[in-house]
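What follows is a short report on a single structure.
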Amino acid sequence: MQLKLTDFITGDQKKEESKPVRDECPILLNEIKEYHATLLKELERAYEIAKKARSKLLDPYPNVEIPIAKNMAERVEKLMGINGLAKRIVELEEEGLSREEICFKIAEEIVEGKFGKFDRETALDKAVRVAVAIQTEGVVAAPIEGIAKIKIDKNDDGTEFLKIYYAGPIRSAGGTAQVVSVLVGDYVRRKLGLDRYKPTREEILRYCEEIPLYKKVANLQYLPSDAEIRLIVENCPVCIDGEPTEDVEVSGYRDLPRVETNRVRGGMCLVIAEGIALKAPKLKKMVDKLKIDGWDWLDKLINKEFEQEEEVVKFTDATYQPKSEEEEEVESIEKEKEENQEIKPKDKYLSDIVAGRPVFSHPSRKGGFRLRYGRARNSGFATVGINPATMVIADGFIAIGTQLKVERPGKAGGVVPVTTIEGPTVKLKNGDVVKINDYKTALALKDEVEEIIDLGEILINYGDFLENNHPLMPASYCYEWWIQEVRRKGINGDFRKISEDEALRLCDEYGVPLHPDYTYLWHDISVEDYFYLRDFVSGGKIDGKMLVLDYDDRAKRILEDLLVEHKVRNNKIVIEKWKVLVRCLGLTFDLRKVDIKAEGNILDIVRKLSGLDVRAKAPTRIGARMGRPEKAKERRMSPPPHILFPLGLAGGKQRNIKEAINCTSNGVRGEIEVEIALRRCKECGKEGFWLKCKCGGVTEQIYYCPRCRIKCGSEVCPNCKGEAKPYLKRKINIREFYEEALKNLNEWDSFDVIKGVIGMTSKWKIPERLEKGILRAKHGVFVFKDGTIRYDMTDLPLTHFKPKEIGVSVERLKELGYRHDYMGNELKNDDQIVELKPQDIVISKSCAEYLVRVAKFIDDLLVKFYGLEPYYKVEKPEDLIGHLVIGLAPHTSAGVLGRIIGFVDMNACYAHPYFHAAKRRNCDGDEDSVMLLLDGLLNFSRYFLPDKRGGQMDAPLVLTAIVDPREVDKEVHNMDIVPEYPLEFYEATLRYADPKEVSIRRVEDVLPTDFRFCCLKFTHDTDIALGVKESAYKSLKTMQDKVKAQMSLAEKIRAVDEHDVAERVLTSHFLPDIIGNLRAFSRQEFRCVNCNTKYRRPPLTGKCTKCGGKLTLTVHNSSITKYLGVSKELCERYNVSEYTKQRLRLIELEIKSLFESDVRKQVTLF
Amino acid sequence: MDKKTIIKKFAVYGRNIHPLAVEVLIKNVDHHNLDSLIAHICKTTSSFVISREEVERAIKSFKTAPTTNDVKNVDDKPKQVVRSQENVSVKDVTGRSTCEGGIEDFLAYFNSRFEKLSALVRRRIGGVRISSLPKFKNEQVEVVGMVKDVRDYGEFAVFDLEDKTGVVSVFAGEKLKELALELLGDEVVGVIGVYRNGRIYADRIIFPDIPMRERAKKDFGIVFISDTHFGSKEFLEKEWEVFTKWLSGEVGNEKVVDLASKIKYVVIAGDIVDGVGVYPGLENDLTITDIYGQYQYAAEQLDKIPKDVKVILSVGNHDAIRQAEPQPALPKEIRDLFSNNVIHVGNPAHVDLDGLKVLIYHGRSLDDVITKIPRLSYEKPHEAMIELLKRRHLCPIYGGKTPIAPEREDWLVIDEVPDVLHCGHVHTYGVGFYRGVLVVNSSTWQAQTEFQKKMNLNPMPCNVAVYYNGEVGRLRFCK
């Protein structure tokens, strides 16, 4: 194999003629080229080793099973298995066709027979799948798993129409690819002369019943109204059908002749609700561009015209008069006006609140997070930046990587620490009010905090507003904005930290606005309060350097609202920095009132009386609550196996091989009966289940027909023409295999537990060699269903780092190809800022420790099992630096090559946004996995993958070697990459501008050039590793403790209404949980404690009919009552609505009635 | 049967049993008779802690008693758990719940179901134990068992039949296939067929069913209503007003006014209020969100019924009581809101009204039955109720929509054949006679809700069934 860089990065180096931009630095471009070459070289080295190992026939397949895909076209071809596809896609790309156009073109060519002759249904099937594959970059499993089948059915009038059966994994395709599949279906069915789908009335109503039902049992981002569903189903020319995915059945429209199931079809619901209904505008754009007719109804969907129709229906029996056109026009204009002027608080993020995960701020409330714009070097791409001090002060609930559900612009974001934004303002137990801007002070003061007056700033980048299409919200007045106004006046210099006098001097001499550090939150107090405070301060005293006021509750409260730092000493309020305050209150420095009249809103008054240009410090507050906690943990199945080897029940509850080898059956020790692959040695004819026979010969697959009870050479039984199975349930002697494996490895039998599995779920049921399990047990690592060892971490973005932050020396970095810092200067010190290469990752410390064990396992495997040289030779985490990994996200089937360059003590993984986007992830709190490259190449096999829907997901079916930002998830193209946002941007935010109106350079702008790989910039510096490492949610063990901590925090934060929190926790978590378990209790299944057989109803004998074991409940009393106590406490302590209290009381009554015997009570009384 | 279960079974009778005595019981007893034996022991002994000797003595006397007696025993037992008030006596679970939520409770529950129902089937056919079937190769056999897992194998319908000794597959072909496919899953039936290749090829499937009987005739009237849903926004207040006025003799033609004067009882089959927290978002569909307020209002509305008419009030899934069946009557604090002419009963409840036996059951299981048997529909709820009578069980499907409380005794078995079976829940109206038993589903006083509209459920509100002298009439109080 020879990997050439030019194969991987195709296209436009030649037509390169871009205008130089000042940020671009050609030296870094060279580094990137070398970097890519290094990656390929190292990949090739590992690949060669793996090939050699695999050729020894010790695995299910004699070659490496992760092909390397050069680009999107190859990934699609490898995923779909159609020859010549990649070549054709590249040709079309070079012709300049867009992604969508290529989808349609290829689909058309498939049905025309250009890629081979297929029957009609197969051709349609392939066309639709390929379109989805292209649309999803060939990364996700949706094209294979998300479409179950495609069928041609008949309308009532005898014409034929196309039916697409979607399955659950279509979710991973995303809305756009989903609608493309429908559209392509429509396009190709015309080519084959099929008619459109004409639904019956019952079928339409079935959709109306089924989709809301799905929303109830599963999850839908958006639930279309009945009118929307009706419009879509009536008009969509392709029938959107699906496999049953849920257990629940519809109750109204059952047994329809053309609908094969009464169960809920999840895939169908997703495509209609999150696909067509939600992406109608995008679909419309595509339809227009490609000029496909018959989709005019999309206009109705987009303009919500059906709502009016419904209104007419509603009023037919009353006196309803349609509005005249004029009236309607006036109305719509007024509506628009409203929308523009005011953006209302949104409380959607609070709707599915979880107990123990606190609310940090109610929607848009005073004291909540203040919006600051910018992208730190570790933020952007669906993250929120927070000062590490805020993490500490919020009782440690927010850690690096914790997900925050936010009010806007999107739904959620991963938390990253940003030290250059403001931290919280708190009231201490002694009454002092302090701003805490750094982590250390926060740690020192955290136990003294009585109240959190303000949570501090939250950093969100422009790109996230653009991506979510959210109007820009007014920006906090911040240094980045102020300095640009200062520079415009011709003043240069660094004014980050300046004194009060200096701030006032700049204002008075140059007429610049007041420095943001001295800008108080005037807009948060009333005019009345303002004049009250003014009068009150004018009665104070200047004592030395300080302003001393008598203690007054109202005045103190106003000072707190303004976020003016002060102390309380001897029942006096003492203010150290008072000059700007006094000035803003319209007082002279000797506290006399200036004689000026002022009216209007509060800021106008402050400006007039002070003569200063005072800006709004916190015009936008962002509500937030905790979402998922951060994560960094090895992937374990439950129970976690060391090896994929079937033991049946012989392994006991632990599935322990050591237990199985002592099993005695028919007097033979270690004989167990399992379903296992059926292969026969070509040399000696002996039956076995591995590729290589004991005699050294190669085996071949044979099959068994369970009906005719014969063995045969093919999947089709020659006798009955039925399906023959590639495996057979038979007796094997595990003891012999185990002892032989120990001997092969030259290991002592020093293991207590080596865990296998009950049975293999794959089609062939080929097990792993026992040697692998022994070595995994030796090194304490666990295997995943596909044979690999994974480590899961929350995704966080990183574009620049300092060597000292990630535990790597400058020398080592230079060896890895980092020779310059991000400005192009030579790399010398460990605190220079360096731009991260796109495929390099910074892992969590715990991950590094685990991977060291994995690397040792691999080396042992290479030496003792395959008889090769060791590869990793690592002893400590530092030794891992420079080694390659495969990054892989759930729902996808394409791994991405990465390289470890350092680690940080946190529970997350920092990587370039491109790397995450290549895995089709953003950083809003999602997690995915890494595995060592050689582990994947050696141990992954398709022959292990479960033979069921979704089984091919989360498996590295192909590997992306070089990440090209043009072929990653498009969301990252909206990330901004500038060193500062222009003044026009800040001004635009004040008028709630559409983010599209503003021009800030984004990834998309540099895509055509080589500078897409490097020379990105950021606006805020920070320390990427500073902050809380583990959320209190995880460190607190019991739910009681979590809820207690959550409520105590709610009481502490001013922006949170603790009573509302209590109510929401009860109604959206505890009550549904208790009720759900209560209902489940009374219709539960039963389980055998030994063999785990499930019974819908217990056998009358009271014992397991299979093994005679004891039966047990699957829903216990304890799982119902576990939240009862804490729920009652919440009800008592907080102002919870009477309705909720009554619900709880009824539930308690019900629990008592179910779990306390009336008769027993009588007996004990007696 | 384990020791714990036996001890608990004695606890039902308020008795304790000595550990040695338990062992004697386990050794000596054929499980089929255990419940009747325990009843027998409790009847013939008087000490608080039953001793080994007492048990031994009782076993002897039990064995010598004629075998037909066990069947009788099943019918006799209820008498001990009857509450009486004037001419009305009630048998329900109120105050007699034994459920503690352990696995033994579930085992005892299903055993009780099997024992009670198999005794009923055994009146009609004999039967061998399933474990002894291999002795009868290629012979005709009769087996009684609990059904599980009905599946369609094309030519045959196949189901498993289980007793306490084992499980056997039953193949039902030709005409029997259709009948077999209507088996609901947890009922007890008898099968007559040939035992071959480890399976039974069925010739007949026998349900416990009820015997033919004369229609009961009484010279007083009973009104059957259900699902009033007081407190709901959709409660039909005006129609209810007309109804109570009719009962008071204030509206209607001579004939109906005359009928009204004959009414002695009003029976309500549950869902008297709309409740709180029954489904998510219920609070938006309520005019009264306070549960006590709802019952207060209900009490006021029932007060419009003349005081000399007795109101028998059962409960349903919207009421303020446990949802798992059998449900006890409303808690005391709520009962106290109602006037004296209201008699509170559980669900189900066997009620004797001046000698007329009425079995009141809210009807939750009708949802499951109608879903499972395609020929049934919500438009004709009484047909689904007939299926319950045939099976002598009010909820022949376990694990469906109907939650079950695992009581030691299965209160849902129809051990005593009533004169009337009265249900509600499905909000539609249907009346019929089955082997002399009146089956009545008495609709609702709630108009169609948004949810029902979407589910394609069309209620028939304000229909009232009136029973008088063996005949039943229908009164409509809607426009």
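From first to last, the protein sequence lines stand for chains A and B.
Residues 201 to 1366 (my numbering) make up the first sequence, in order.
Residues 613 to 1091 (my numbering) make up the second sequence, in order.
Glycine residues also receive a C-beta, built at the ideal position from the N, C-alpha and C atoms.
Terminal residues of the alpha helix (DSSP H) in which residue i lies
| i | result |
| --- | --- |
| L324(A) | R320 to Q335 |
| L285(A) | L285 to E294 |
| R406(A) | R401 to V417 |
| I1345(A) | Residue identity check: residue 1345(A) is Arg in the sequence provided, not Ile. It spans E1338 to F1355 - the alpha helix (DSSP H) in which R1345(A) sits, taken as one unbroken run. |
| Q378(A) | G374 to K391 |
Same chain only: Cβ atoms within 8 Å of residue i, ignoring 5 sequence neighbours per side
| i | result |
| --- | --- |
| I685(A) | The sequence given here places Glu at residue 685(A); Ile does not occur at that position. Answer for E685(A): V712, P713 and L1183, listed in chain order. |
| S1353(A) | none |
| R577(A) | L998, T999, H1000, F1001, I1033, F1218, H1220, D1221, T1222 and I1224 |
| M824(B) | R1047 and G1048 |
| E650(A) | V626, K627, L628, K629 and K1252 |
| C1291(A) | L849, C1304, K1306, C1307 and G1309 |
| A518(A) | Residue placement at A518(A) is flagged as unreliable, the pLDDT there being 32, under the threshold of 50; the coordinate-derived value follows with that caveat. If we look at A518(A) and ignore the five residues flanking it on each side, it has no Cβ neighbours. |
Endpoints, beta strand (DSSP E) assigned at residue i
| i | result |
| --- | --- |
| C439(A) | C439 to G442 |
| I232(A) | Element bounds for I232(A): not the beta strand (DSSP E) but the alpha helix (DSSP H), P226 to R254. |
| S744(B) | First-last for S744(B): undefined, no H or E at that position. |
| N1075(B) | N1075 to Y1080 |
| I837(B) | G833 to I837 |
| Q906(B) | Q906(B) -> not in any beta strand (DSSP E); alpha helix (DSSP H) instead, spanning I903 to L914. |
| L501(A) | Run containing L501(A): none in the beta strand (DSSP E); it sits in the alpha helix (DSSP H), W497 to N503. |
Beta-carbon separation (whole angstroms), residue i vs residue j, contact threshold 8 Å
| i | j | result |
| --- | --- | --- |
| E794(B) | I985(B) | 5 Å |
| L704(A) | S738(A) | No, L704(A) and S738(A) are not in contact; Cβ-Cβ is about 19 Å, not under 8 Å. |
| P671(A) | I502(A) | Actually they do not touch by this definition, with Cβ atoms about 19 Å apart. |
| E446(A) | V471(A) | No, E446(A) and V471(A) are not in contact; Cβ-Cβ is about 15 Å, not under 8 Å. |
Within 7 Å, strictly: CB atoms of residue i and residue j
| i | j | result |
| --- | --- | --- |
| V888(B) | I924(B) | no |
| K415(A) | L405(A) | no |
| A814(B) | V803(B) | yes |
| L1266(A) | S1327(A) | yes |
| Q982(A) | P846(A) | Here the sequence assigns Phe to residue 982(A), which means Gln is not the residue at that position. Taking 7 Å as the Cβ cut-off, F982(A) and P846(A) do not qualify as a contacting pair. |
| M468(A) | Y366(A) | yes |
| A872(B) | S926(B) | no |
Contact set for residue i: own chain, Cβ-Cβ below 6 Å, skip 5 residues either direction
| i | result |
| --- | --- |
| E337(A) | M272 and E1167 |
Cutoff 7 Å; reference residue i; Cβ partners in own chain excluding five residues on either side
| i | result |
| --- | --- |
| R734(B) | V756 |
| C884(A) | C893, C895 and G897 |
| C1123(A) | F581, A582, T583, G614, D995, L996, P997 and H1116 |
| I900(B) | G843, Q906 and Y909 |
Members of the stretch 707-725 of chain B near chain A, C-beta cut-off 7 Å: Those residues of the stretch 707-725 of chain B that come within reach of chain A (Cβ to Cβ, closer than 7 Å) are G707, R708, S709, T710, C711, E712, G713, I715, F718, L719, F722 and N723.
Short-range partners of chain B found in the stretch 393-421 of chain A, where Cβ spacing is below 8 Å: Close to chain B, meaning a Cβ-Cβ distance shorter than 8 Å, are the following residues of the stretch 393-421 of chain A: L405, C408, E409 and P412.
Residues within the stretch 792-815 of chain B neighbouring chain A, beta-carbon criterion of under 9 Å: The residues in question are G797 and D798.
Chain-ordered residues of the stretch 1342-1353 of chain A with a beta carbon less than 7 Å from chain B: Flagged, chain order: Q1342, R1343, L1346, L1349, E1350 and S1353.
Residues within the stretch 742-759 of chain B neighbouring chain A, beta-carbon criterion of under 8 Å: Residues M758.
Where the stretch 976-1010 of chain B meets chain A: residues whose CB sits under 8 Å from a CB there: Within the stretch 976-1010 of chain B, the residues whose Cβ lies closer than 8 Å to some Cβ of chain A are D979, T983, P986 and Y1010, listed in chain order.
Interfacial residues, the stretch 930-964 of chain B to chain A, with Cβ spacing under 9 Å: Within the stretch 930-964 of chain B, the residues whose Cβ lies closer than 9 Å to some Cβ of chain A are A932, I933, R934, Q935, A936, E937, Q939, P940 and P943, listed in chain order.
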